Structure formats: structure tokens, C-alpha cells
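>
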Amino acid sequence: MVRQHSEPYLWLLFSAGGVLSAMLMPSLLLLFGIAFPLGWVSPPTHEHMLTVLGNPPTGLVLLGLCVLSLFHSAHRFRHTLHDAARLAHPMIAVLCYGTAVAASAFAAYLLWQVS
Amino acid sequence: MSQSQEQPEYQHRVLPPHISTFWWLEKGSYFAFILRELSCVFVAWFVVYLLLLVRAVGQGDAAYQQFLAWSATPLILLVNIVSLLSLVFHAVTFFAAAPQAMVVKVGPNKVPGSLVLAGHYAGWVAASAVVCWLLLGA
């Protein structure tokens with residue numbers, strides 16, 4: 000299924016996704032997940048959000064964030080199942096990376112729709 | 000394990016040692032390892048959350064307001080607070096590994112690990128500032 004020679008590339012995606020998610024996710028989550036709901040800061044208007052998401056560089060960065068973070072997550076989840084729970088069935092890798100591919104396609108579709 | 004004369008030198012133990020399913024509760028460092036590994040679940044959750052936001056914005060103002068109201072419900076708020084803690088832990092541990100993972104060279108000299116680490120933190124601050132500027136400023 001996932002052969003040995005694909006491992007270096009998967010680790011590369013894992014690292015890229017790890018760095019990108021570490022750089023961008025905490026601030027985004029702090030704002031949308033906590034600061035806006037608790038009323039610390041007023042959220043941007045819908046019009047403002049459309050402008051931000053309609054900007055091609057923002058869309059590309061968000062797509063990169065989604066795709067690489069999904070692969071980061073899939074890779075780490077697969078290895079955690081292997082190391083912590085000692086599960087190493089070949090189907091686990093297929094399910095992990097398959098979910099990442101499907102979710103990436105969905106992310107591209109959604110981001111393309113608002114652009 | 001005693002070796003009989005017939006067995007060759009290199010023979011391994013046949014039975015694997017027994018490891019408890021809860022081995023990661025035995026030591027603080029093991030537990031930290033599992034917490035770090037489990038951050039991948041929260042990274043995935045954030046992608047889902049972000050995509051729900053993007054979809055709501057695409058559907059119009061009413062859907063966007065509904066998304067904001069849904070984010071303020073206790074369950075989602077709690078999930079996001081736990082997620083933020085996990086994402087910060089992920090960021091700190093990932094950056095801490097960077098000096099070992101990356102060897103940066105300027106000319107013949109190797110850039111010290113502390114500078115590589117500082118560079119990552121500077122990048123984190125800059126990226127967060129851009130996010131805040133894009134969403135709150137302008």
C-alpha cells in the first residue's frame with residue numbers, strides 16, 4: 000500500500016503542514032473560536048470577510064494551510080496509532096491519507112467558490 | 000535468558016515483551032509525547048472549522064452570523080479552547096524540534112540552533128500579526 004519509498008515525501012508534507020499550522024492556526028482560532036464568541040473583539044463584517052477570502056493570495060495561503068495541515072494530521076495520526084496503540088494495518092494508512100485527499104479536494108472547492 | 004548450546008549466538012527472544020496499552024500514563028515525558036501526537040486531531044478539527052467558516056461566508060451574511068452564533072455555544076467554545084491549548088503546544092514543540100531538523104548554512108558557517116528557533120518564533124509573531132491585520136484592521 001504505502002511503500003517504504005514514499006515515506007520521505009510524507010515526512011516532508013508532515014513538516015510543511017506542521018510549520019504552517021503552527022504559524023497560522025493559533026491566531027485564527029484565538030480570534031474566531033474565542034475572542035469573537037466571548038465579545039473581546041467585534042468580528043469582521045460579512046462584506047469584510049468576502050473581501051479577505053476573495054483575495055487570491057489569501058485563498059492560496061488558506062488552501063496551502065488546509066492541504067498541508069491535513070497531510071500533517073493524517074501522517075501523525077497514522078504514526079500515533081502505530082506507536083501508541085500498536086495498530087499497523089495497511090488500511091489505516093489508506094484511510095488516513097485518503098481522508099486527507101478527499102478533504103483537500105473539498106477545501107479547494109469551497110475556497111474556489113468564495114473567490 | 001539462558002542459552003542452550005544448540006542455539007546460535009544471534010538468536011533473539013521469541014516472545015515480545017508485554018507492553019500495557021496505557022504505557023503513556025507511566026511517565027510525564029510519555030504523557031507529553033502523547034499530548035503532542037494528539038494535537039494532530041485538533042489540527043484536523045481546525046481545518047474542518049475553517050472550512051465551515053469559509054462555506055458560511057460563501058452562503059451569505061445570514062449563514063455567517065449563524066456560524067458566529069454557533070461558535071459561541073458552550074460546546075463549540077469548549078472544544079475551541081481545548082484546541083487552542085493543543086495548537087499552542089503543537090507550535091511550541093514543533094518549533095523546538097526545528098533546530099535539530101534544519102541545518103541552515105550561511106556561507107561555510109552553520110547558523111546556531113538558537114537563531115533557527117528565534118526565526119521560527121519571529122515568523123509566528125509576524126504571521127499572527129498579518130492575520131490580525133487582515134481580519135481586524137484595514
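Residue numbers (numbering that gives the first Met the number 0), protein chains in the order written: chain A, 0 to 114; chain B, 0 to 137.
Each residue gets a CB set at the ideal place from its N, CA and C atoms; glycine is no exception.
Everything numeric in this text was worked out from a predicted model, so none of it was measured.
(1) Can L37 (chain B) and C65 (chain A) be called in contact, C-beta distance under 8 Å?
(2) Given a limit of 7 Å on CB to CB distance, which residues of the segment 63-90 of chain B reach chain A?
(3) Okay, do the segment 66-85 of chain A and the segment 12-22 of chain A touch, 3+ Cβ pairs below 8 Å being the bar?
(4) Taking only runs of the alpha helix (DSSP H) that begin and end inside the segment 10-92 of chain B, which ones reach a length of at least 4 residues, in chain order?
(5) Measuring alpha carbon to alpha carbon, tell me which of A:P55, A:E46, A:L30, A:V100 ends up nearest L9 (chain A).
(6) Determine, using beta carbons only, whether I91 (chain A) comes closer than 8 Å to chain B.
(7) So, for L34 (chain B): in the same chain, excluding its five sequence neighbours on each side, which residues have a beta-carbon less than 7 Å away from its beta-carbon?
(8) List the residues of chain A whose Cβ lies closer than 7 Å to the Cβ of G52 (chain B), in chain order.
(9) On the three-state DSSP scale, how would you describe V40 (chain A)?
(10) Can you pull out the residues from the segment 125-136 of chain B whose beta carbon lies closer than 7 Å to at least one beta carbon of chain A?
(11) What's the C-alpha gap between P16 (chain B) and L24 (chain B)?
(12) Quick check: the Cα distance between P89 (chain A) and T98 (chain A), rounded to an integer number of angstroms?
(13) Just checking, does the segment 119-136 of chain B make contact with the segment 43-54 of chain A on the three C-beta pairs under 8 Å criterion?
(14) Quick check on L109 (chain A) - is its C-beta less than 8 Å from some C-beta in chain B?
(15) With a CB to CB cut of under 7 Å and the five nearest residues on each side skipped, what residues in its chain are close to V91 (chain B)?
(16) Would you kindly work out how many angstroms separate the C-alpha atoms of G32 (chain A) and L14 (chain B), rounded to a whole number?
(17) If we cut at 8 Å on Cβ distances, does F30 (chain B) have a partner in chain A?
(18) State buried or exposed for W123 (chain B), treating a residue as buried only when at least 16 other CB atoms are found within 10 Å of its CB.
(19) What residues from chain B crowd round V113 (chain A), counting only those whose CB sits closer than 9 Å?
(20) At the level of alpha carbons, what is the spacing between Q112 (chain A) and A71 (chain B)?
(21) What would DSSP say about V110 (chain B), mapped onto helix, strand or coil?
In short, the structure shows the following:
(1) Position 38 of the second sequence, counted from the first residue, corresponds to residue 37 (chain B). Position 66 of the first sequence, counted from the first residue, corresponds to residue 65 (chain A). Against a cut-off of 8 Å, the Cβ pair of C65 (chain A) and L37 (chain B) comes out as no contact.
(2) Y63, L67, S70, A71, L76, N79, I80, S82, L83, L86, V87, H89, A90
(3) yes
(4) 27-58, 60-70
(5) Position 10 of the first sequence, counted from the first residue, corresponds to residue 9 (chain A). L9 (chain A) has its Cα closest to that of A:V100, out of A:P55, A:E46, A:L30, A:V100.
(6) Your numbering for residue 91 (chain A) matches position 92 in the first sequence. Closer than 8 Å: no.
(7) On the second sequence, residue 34 (chain B) is found 35 positions in, with the first residue counted as 1. F88, listed in sequence order.
(8) Against the second sequence, residue 52 (chain B) aligns to sequence position 53. The question names Gly, but residue 52 (chain B) in the sequence shown is Leu. Going along chain A in sequence order, the residues near L52 (chain B) (Cβ under 7 Å) are F31.
(9) Here residue 40 (chain A) refers to the residue found at position 41 of the first sequence. In the structure shown, V40 (chain A) sits in coil (DSSP, three-state: anything other than H, G, I, E or B).
(10) A126, S127, V130, C131, L133, L134, L135
(11) Residue 16 (chain B) sits at position 17 when you count from the first residue of the second sequence. Residue 24 (chain B) sits at position 25 when you count from the first residue of the second sequence. Going from the Cα of P16 (chain B) to the Cα of L24 (chain B) covers about 18 Å.
(12) The sequence position of residue 89 (chain A) within the first sequence is 90, counting from 1. The sequence position of residue 98 (chain A) within the first sequence is 99, counting from 1. The alpha-carbon atoms of P89 (chain A) and T98 (chain A) are separated by roughly 15 Å.
(13) yes
(14) Residue mapping note: residue 109 (chain A) aligns to position 110 of the first sequence, counting from 1. It does: the Cβ of L109 (chain A) has a partner Cβ on chain B nearer than 8 Å.
(15) Numbered from its first residue, the second sequence carries residue 91 (chain B) at position 92. So the list is empty, once near-sequence residues are dropped.
(16) As a first step, residue 32 (chain A) is located in the first sequence; it is residue number 33 there, counting from the start. As a first step, residue 14 (chain B) is located in the second sequence; it is residue number 15 there, counting from the start. Cα to Cα, G32 (chain A) sits roughly 49 Å from L14 (chain B).
(17) Numbered from its first residue, the second sequence carries residue 30 (chain B) at position 31. Output row for F30 (chain B): interface = no.
(18) Sequence index remark: in the second sequence, residue 123 (chain B) carries index 124 (1-based). When all chains shown are included, W123 (chain B) counts as buried.
(19) By one-based count along the first sequence, residue 113 (chain A) stands at place 114. In chain order: V53, R54, V56, G57.
(20) Your numbering for residue 112 (chain A) matches position 113 in the first sequence. Your numbering for residue 71 (chain B) matches position 72 in the second sequence. Cα to Cα, the separation comes out at about 26 Å.
(21) The residue given as residue 110 (chain B) occupies position 111 in the second sequence. Correct three-state label for V110 (chain B): coil.
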